[in-house]
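Right, one structure below, let's go through it.
Numbering (the working numbering), first residue to last: 68 to 265.
This is the structure:
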């Protein structure tokens, strides 16, 4: 936080903004300062170019920090990010929104993500419901519920299987996850995901 504040002071007149996608924007940076700013961001480990991709997850604070949540969100996001920690793999998957909410208040906007995860409580245990095909763009769509929920320890495997189904069935590298989902429908994903023993 101190490093980001220092960068804002140095490069953007002390101004920074947060976006609804949980990213930080340094406004009004001189174009001539962009290389130096990028180098300083890199020195602090802030240079991952993943905006709009799978590992740029929108997540509510979940059960770790919110008394309303049914389940934890941040450990699920971390497990998915660790599973997909190679940028070449992330870029091969292409543009994809993955959002996580710890309860039905939907602070993570899971329902309008290409892949959404909702934390649910089942008899005092944390489970996660998956939705597919949501969009918050001009063609706004609420995601379809894949089926019964999954245990926390299975979520990274479930997401990897969903991604593999997409990669196995996309018509070209240019066909996005959302386009492929709309073409294939939920049954293609449901059959293969639930065929696994989670």
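The C-beta atom is built at its ideal place from N, Cα and C for all residues, glycine as well.
Small disclaimer: the values here were computed from a predicted structure and weren't measured.
(1) So, are the CB atoms of residue 175 and residue 140 less than 8 Å apart?
(2) Between residue 210 and chain B, is any beta-carbon pair separated by less than 8 Å?
(3) With residue 179 and residue 203 assumed to form a contact (beta carbons below 8 Å), what rounded beta-carbon distance in angstroms separates them?
(4) Taking just the CA atoms, how far does residue 135 sit from residue 169?
(5) Closer than 6 Å by C-beta to residue 79: which residues in its own chain qualify, once you throw out the five before and the five after it? Chain order, please.
(6) Have a look at 201, 83, 122 and flag the residue whose alpha-carbon is nearest the alpha-carbon of residue 146.
(7) Start and end of the beta strand (DSSP E) containing residue 196?
(8) Closest to residue 154 by CA distance: which of 181, 118, 130 is it?
(9) Around the Cβ of residue 75, are there at least 16 other Cβ atoms within 10 angstroms (buried) or fewer (exposed)?
(10) Near residue 201, what residues of its chain come up, given a Cβ to Cβ distance below 7 Å and the 5 sequence neighbours on each side ignored?
The short version:
(1) Yes, the pair counts as a contact, with Cβ atoms nearer than the cut-off.
(2) The structure shown has no chain B; it contains just one protein chain.
(3) Indeed, because the Cβ distance is near 4 Å, the residues count as touching under 8 Å.
(4) For residue 169 and residue 135, the distance between alpha carbons rounds to 8 Å.
(5) So the qualifying residues of the chain are 93, 94, 95, 96.
(6) The shortest CA-to-CA distance from residue 146 to any of 201, 83, 122 is the one to 122.
(7) Boundaries of the beta strand (DSSP E) harbouring residue 196: 192-199, taken from the DSSP string.
(8) Ranking 181, 118, 130 by Cα distance to residue 154 puts 118 first.
(9) Buried, since its Cβ has 16 or more Cβ neighbours within 10 Å.
(10) Short of 7 Å from the beta carbon of residue 201, and not among the five residues preceding or following it, lie these beta carbons of its own chain, in chain order: 178, 179, 180, 181, 183, 208, 209, 210.
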